[in-house]
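K.L.:
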DNA sequence: GATTGTTGCATTGTATACAATAATACCAAA
DNA sequence: TTTGGTATTATTGTATACAATGCAACAATC
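Chains as they are written, first to last, in the numbering used here: chain A, 23 to 251; chain S, 23 to 251.
#1: Once the 5 residues before and after residue 209(A) are set aside, which same chain residues still bring their CB inside 6 Å of it?
#2: Please name the residue or residues paired with residue 98(S) in a DSSP beta bridge.
#3: Considering only the alpha carbon of each residue, which of 122(S), 123(S), 222(S), 111(S) lies closest to residue 186(S)?
#4: Along the stretch 48-77 of chain S, what residues have a CB closer than 7 Å to any CB found in chain A?
#5: Taking only runs of the alpha helix (DSSP H) that begin and end inside the stretch 130-162 of chain S, which ones reach a length of at least 4 residues, in chain order?
#6: Just to confirm my understanding: we take residue 73(S), look at its own chain, exclude 5 residues before and 5 after, and list those with CB closer than 7 Å. What are they?
#7: Taking the alpha carbon of residue 116(S) as the point to measure from, which residue in 225(S), 140(S), 239(S), 51(S) has its own alpha carbon closest?
#8: Taking the alpha helix (DSSP H) that residue 183(S) falls in, what are its first and last residues?
#9: With contact counted as at least three CB pairs below 8 Å, one residue from each stretch, are the stretch 203-217 of chain A and the stretch 127-137 of chain S in contact?
#10: What are the residues of the stretch 110-129 of chain S that lie near chain A, defined by any Cβ-Cβ distance shorter than 7 Å?
#11: State the Cα-Cα distance for the pair residue 259(A) and residue 57(A), rounded to the nearest angstrom.
#12: Output, in chain order, the set of chain A residues within a Cβ distance shorter than 7 Å of residue 107(S).
#13: In chain A, what lies closer than 9 Å to residue 230(S) by C-beta?
#14: Indicate whether at least one CB of chain S lies closer than 9 Å to the CB of residue 87(A).
#15: Which of the three DSSP states, helix, strand or coil, is assigned to residue 87(A)?
#16: Going by DSSP in three states, residue 103(S) sits in which element: helix, strand or coil?
#17: Note down, in chain order, each residue of its chain lying with its Cβ closer than 8 Å to the Cβ of residue 114(A), except the 5 sequence neighbours on either side.
#18: Starting from residue 45(A), follow the alpha helix (DSSP H) in both directions and report where the run begins and ends.
#19: May I ask you to report which of helix, strand or coil DSSP gives residue 110(A)?
#20: Ordered along the chain, which non-local residues of its own chain (more than five positions away) have a Cβ less than 6 Å from that of residue 121(S)?
#21: Hey, is the stretch 38-58 of chain S in contact with the stretch 77-84 of chain S, meaning 3+ C-beta pairs nearer than 8 Å?
#22: List, in order along the chain, the chain A residues whose C-beta lies closer than 8 Å to that of residue 221(S)?
#23: Determine the chain S residues that contact residue 189(A) at a beta-carbon separation under 8 Å, and present them in chain order.
#24: What's the C-alpha gap between residue 166(S) and residue 100(A)?
#25: Give the straight-line distance between the Cα atoms of residue 180(A) and residue 197(A), rounded to the nearest whole angstrom.
Structure follows, in C-alpha cells:
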C-alpha cells in the first residue's frame with residue numbers, strides 16, 4: 023500500500039482489475055503463492071477469465087503494496103519478508119499502535135467499546151481451550167477495532183496494512199496457550215485504559231503489547247519459521 | 023505509495039510507465055495540477071507522447087500513493103490534503119522520526135555524520151539571511167540523511183513518503199527567520215545526540231522537533247494556507 | 001572442452017480497437 | 001417554463017495485436 027491509501031477502501035470490487043487485485047493479494051497472504059514464485063500475466067488472467075490488461079494494472083498496485091516485485095521485461099515475483107523487515111515493522115507498529123490507542127480514548131464509540139469487551143470475553147474462552155484459529159481471528163479483530171476507533175483514516179490505513187503484512191508470518195508464532203492468555207490480558211488492560219479515557223496509559227500499554235508480541239515471536243523462533251520452509 | 027514500497031526505488035526510469043508516473047507525481051507535488059483537477063488519460067498521454075496504457079498503469083500507482091483518486095468509469099482527480107491529514111501525518115512522523123533518530127545512533131556512517139554537520143553549518147548561514155529556498159532544500163536533505171542513517175529500508179521509505187507528501191503544504195509555512203534558526207538549532211541538537219550515540223536523547227529531540235514544526239505551522243496559519251487559494 | 005554467437009521461444013511493454021459507462025445537450029410534452 | 005426522456009459525445013474499461021526484451025538451447029569457433 024502505498025502509504026496513504028485513504029481512498030479506494032473498497033478497491034472497486036466490481037471492476038475486473040479490482041477483482042484480480044483482491045484475489046492475487048489474498049492468495050499471496052494466504053500462502054498459495056510462495057515466496058519468489060513468478061506470477062505470469064497470462065496464467066493469472068486465464069485463471070480468472072480476464073485479459074492481461076486488468077492483470078497488469080493489478081500487478082502495478084500489488085507492487086506498490088509491497089507484495090510483489092516487478093522486474094522490468096522479466097516478470098513479477100512474490101516478495102519475501104526478511105527477519106529485518108519483521109523486526110522493523112514491529113518496532114514501527116509499537117509506536118503507532120500507542121498513538122492509535124491514545125487517540126482512541128477520545129474517539130471511540132460506545133458500540134466499538136462494547137464490541138471490544140465482547141471480543142476480550144470470547145477470546146478468554148478460546149484461549150483457555152487452545153483454539154488458535156479463533157484466537158488469531160479475534161486478535162485481528164481487536165486491533166482492527168482500535169484502528170477504527172482512533173478516527174484517523176491515515177493511521178487506520180497504515181496500521182491495517184502493516185498488520186496484514188506481518189500476518190503472513192504471525193500465524194506460525196502465536197500459538198501457545200500462555201501467550202494467548204497473556205495477549206488477551208494485555209488487550210483487556212488497553213481496553214480499560216481507553217474506557218477510562220486515559221490516553222497516556224493506553225499509549226504505554228499498547229506500545230508494550232506490540233513489544234511483547236515481538237519478543238514472544240523471537241522466543242518462539244522467528245528464524246526457524248523461515249528455515250523450516 | 024503504498025506502505026512498504028521497499029522495492030522499485032528507481033521506479034524504472036526508463037519504462038514509459040515509470041516516466042509517466044514520475045512526471046505526473048512531480049506535477050502534482052509541485053502544484054502544476056491543482057486539487058480536484060481531473061486528469062485525462064488521453065491528454066496526459068499526448069503530452070508525453072505515449073498511449074493510454076502506460077498512463078493508466080501509472081494512474082493506478084498514483085492512486086495507491088494517495089495522490090489521485092480514481093472514480094470508476096468517471097475519471098482521475100488530484101486529491102486534496104485536509105487539515106486533519108496534515109495533523110495526522112505530523113503526529114505519526116513525530117513518533118517515527120524519533121525511532122529513526124535512535125536507530126541512526128547505531129548505524130550512521132562517518133560520511134553521513136560529516137554531511138550532517140556541513141548541512142547544519144551551511145543552513146545557519148542561509149537562515150540568518152532569510153534564504154528560504156535554500157533552507158527548504160537543506161531541511162529536506164537533513165531529514166533525508168537521517169532516514170538513510172537509520173539503516174532500515176522500511177522506515178526510510180515510509181518517512182520519505184510522508185515527508186514528500188506534506189511538502190506540498192510545508193513550503194508555505196516554514197518561512198520566518200526565527201523558525202529557520204530554531205529549526206536548525208534543533209537539527210544540531212539531534213545530530214549531537216546521534217554523534218554521542220545517545221539513542222534515547224536523539225529519540226526525544228527528533229520527536230520534539232517535529233512537534234515544534236507542527237506547532238509553528240499551526241501558528242503561522244495552516245488553515246489560511248488553504249483558504250488563500 | 002570452454003567460450004562465444006545465434007536462433008527461437010516465452011514473456012512483458014506498448015499501442016490501438018472496441019465495449020461500457022457517464023455526462024451533456026436537446027427536444028417534446030405537460 | 002419545467003420536466004422527462006432520448007440521443008450524442010466524451011471518457012474510461014477491457015481485449016487483443018504487435019514490438020521489444022530476456023532467456024535458454026544449441027551451434028560454431030578457438
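The C-beta atom is built at its ideal place from N, Cα and C for all residues, glycine as well.
P.N.:
This is what the structure gives:
#1: Excluding sequence neighbours, residue 209(A) sits near 142, 164.
#2: Answer is 61(S), 92(S), bridged to residue 98(S).
#3: Ranked by how close their Cα comes to the Cα of residue 186(S), the residues 122(S), 123(S), 222(S), 111(S) have 111(S) in first place.
#4: The residues in question: there are none.
#5: If we require 4 residues or more, the alpha helix (DSSP H) runs fully inside the stretch 130-162 of chain S come out as 132-150.
#6: The answer, listed in chain order, is 67.
#7: Ranking the options by Cα distance to residue 116(S), first place goes to 225(S).
#8: From DSSP, the alpha helix (DSSP H) with residue 183(S) extends over 175-192.
#9: In this structure the stretch 203-217 of chain A does not lie against the stretch 127-137 of chain S, because fewer than three pairs of beta carbons, one per stretch, are closer than 8 Å.
#10: Along the stretch 110-129 of chain S, the positions whose C-beta sits under 7 Å from a C-beta of chain A are 110, 111, 113, 114, 117, 118, 121, read in chain order.
#11: Shown here, chain A extends from 23 to 251; a query on residue 259(A) therefore has no answer.
#12: 176, listed in chain order.
#13: What residue 230(S) touches in chain A, judged by beta-carbon distance under 9 Å, is nothing: the nearest beta carbon there is about 15 Å away.
#14: At a cut-off of 9 Å between beta carbons, residue 87(A) contacts chain S.
#15: In this structure, residue 87(A) counts as coil in the three-state DSSP scheme.
#16: Reduced to three states, the DSSP call for residue 103(S) is coil.
#17: Only 184 meet the Cβ criterion.
#18: 38-52 is the extent of the alpha helix (DSSP H) around residue 45(A).
#19: Assignment of residue 110(A) by DSSP, reduced to helix, strand and coil, places it in the helix class.
#20: Excluding sequence neighbours, residue 121(S) sits near nothing in its chain.
#21: Touching, yes.
#22: Those do not exist, as residue 221(S) stays about 12 Å from chain A at its closest Cβ, beyond 8 Å.
#23: Correct list: empty, because the minimum Cβ distance to chain S is about 14 Å.
#24: Between residue 166(S) and residue 100(A), the C-alpha separation is close to 29 Å.
#25: Taking C-alpha positions only, residue 180(A) is separated from residue 197(A) by approximately 26 Å.
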